[in-house]
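**Q** Take 289 as the starting number for the sequence shown in this note's numbering and just add one per residue.
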Amino acid sequence: KETGQAWDRVCLRAGTQAATTKVLGDPAYIFDDHLSRHRNRMPLLRRGEPVIHENAAYIAPCSSLIGTVHIGEGSSVFYGSVLRADTCNMGCGRTKEEVEHWKSLSKEGRRIQDRDMDDSAGGGGIFIGNGSNIQDGCIITSRHDHTSIGNNVTVGHLAQIHSATVEDNCLIGMGAILNSGSKIETLSFVAAGAVVGRGEVIKSGELWVGNPAKKIRDLTQDEKNKLQYQAEEYVKLASSQSGVMDLGGNIAVENDIEGPEESISSSEK
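(1) Measure the CB-CB distance between A373 and I414 and report whether it falls below 8 Å.
(2) Any idea if W390 is buried or exposed, counting beta-carbon neighbours within 10 angstroms, 16 or more meaning buried?
(3) What runs of the beta strand (DSSP E), each 3 residues or longer, lie entirely inside the stretch 464 to 521?
(4) Is the separation between the beta-carbon of D506 and that of E488 shorter than 8 Å?
(5) Start and end of the beta strand (DSSP E) containing S351?
(6) What number of angstroms, rounded off, separates the C-alpha of A480 from the C-alpha of N421?
(7) Determine the burial state of E385: buried for a count of at least 16 other Cβ atoms within 10 Å of its Cβ, exposed for fewer.
(8) Can you look up S528 in the DSSP assignment and give me helix, strand or coil?
(9) Using 10 angstroms around the beta-carbon of W496, count the other beta-carbons present and answer buried if the total reaches 16, otherwise exposed.
(10) Considering just the uninterrupted stretch of the beta strand (DSSP E) at H558, what are its terminal residues?
(11) Apart from the five residues on each side of it in sequence, which residues of its chain come closer than 6 Å, Cβ to Cβ, to T375?
(12) Just reading off the beta strand (DSSP E) that V370 is part of, what are its end residues?
(13) Give the secondary structure of S392 by DSSP, where H, G and I count as helix, E and B as strand, and everything else as coil.
(14) Going by other Cβ atoms of all chains shown within 10 Å of its Cβ, with 16 needed for buried, is S451 buried or exposed?
(15) Rounded to whole angstroms, what is the Cα-Cα separation between I359 and A307?
(16) Opposite F415 in the DSSP bridges: which residues?
(17) Three or more C-beta pairs under 8 Å: does that hold for the stretch 350 to 359 against the stretch 324 to 339?
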């Protein structure tokens, strides 16, 4: 595999040199190499395939979306995050109607149906709504049940969500952990490093802190407004990075061979 990748890079370099006329003193030739060959969307024959809205804000090339993972419009998954829904029995090639029916089943109903299919109990899928952001290094799984993340949700760096429900306009702080069966109702804030226990329900508009997480107080109206503002800002950030990996990612302008001084002056304009 490494030999094939090395040969690929040699051919890219040779092709660029062959098509470009150079004389002594010209800027260095352009090396059209991909920044990442990581396969970030991983369909699994028996476990389903990632479904990403055509207008998703950004899916980082080094993230991993495995199995039945659905990403809504305007949402983003940042660098190094792993979204793994590989314990359900929702194989590739299902129609939208079949997926919706399976998604609507109760946990027990889904397990009975899955057991009938191949004599094993299945987990759930990962479903992320619109305008939400999954920041760097997050881990999201659905081993025991669906993980559902609503609209305009911010999930901070290195947070973990396991078979939990997060409703609209919530903020999950950096390094927080949501254990199986927990539910975060709309306009709530789980502080950085908080650990929400199994089956715990955080009511709408509450701030929870600590390990184990406990309610500290209700959020003010100003704090609730900032939750949505946070999500909107990440949509802008994510949109600014979309397309960077279309080809190469390290080429700012197609066929641009300006010298360093010319490039700087162009960017300042």
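Backbone N, C-alpha and C define an ideal beta-carbon position, used for all residues, glycine too.
**A** So, from the data block:
(1) Numbered from 1 along the sequence shown, position 85 holds the residue referred to as residue 373. Numbered from 1 along the sequence shown, position 126 holds the residue referred to as residue 414. Yes, Cβ-Cβ distance for A373 and I414 is below 8 Å.
(2) Within the sequence shown, numbered from 1, the residue matching residue 390 stands at position 102. Burial call: buried.
(3) 494 to 497, 502 to 506
(4) As a first step, residue 506 is located in the sequence shown; it is residue number 218 there, counting from the start. As a first step, residue 488 is located in the sequence shown; it is residue number 200 there, counting from the start. Cβ distance not < 8 Å, so D506 and E488 don't count as in contact.
(5) Taking the sequence shown and counting its residues from 1, the one referred to as residue 351 is at position 63. First-last for S351: undefined, no H or E at that position.
(6) Taking the sequence shown and counting its residues from 1, the one referred to as residue 480 is at position 192. Taking the sequence shown and counting its residues from 1, the one referred to as residue 421 is at position 133. Rounded to whole angstroms, A480 to N421 spans 16 Å at the Cα level.
(7) Position 97 of the sequence shown, counting from 1, holds the residue named residue 385. Exposed: under 16 other Cβ atoms inside 10 Å.
(8) In the sequence shown, the residue the question calls residue 528 occupies position 240. Three-state result, S528: helix.
(9) For the purposes of this step, residue 496 is taken as the residue at position 208 of the sequence shown. It counts as buried.
(10) Coverage of the chain is limited to positions 289 through 557, which leaves residue 558 absent and any answer about it impossible.
(11) Residue numbering aside, residue 375 sits at position 87 when the sequence shown is read from its first letter. Excluding sequence neighbours, T375 sits near G411, R431.
(12) The sequence position of residue 370 within the sequence shown is 82, counting from 1. Segment 370 to 373, the beta strand (DSSP E) holding V370.
(13) Here residue 392 refers to the residue found at position 104 of the sequence shown. Note: S392 maps to helix in three-state DSSP.
(14) Counted from its first residue, the sequence shown places residue 451 at position 163. Burial call: buried.
(15) Here residue 359 refers to the residue found at position 71 of the sequence shown. Here residue 307 refers to the residue found at position 19 of the sequence shown. Cα-Cα distance, rounded: 40 Å.
(16) In the sequence shown, counting from the first residue as 1, residue 415 sits at position 127. In DSSP, F415 forms a bridge with H358, S436.
(17) yes
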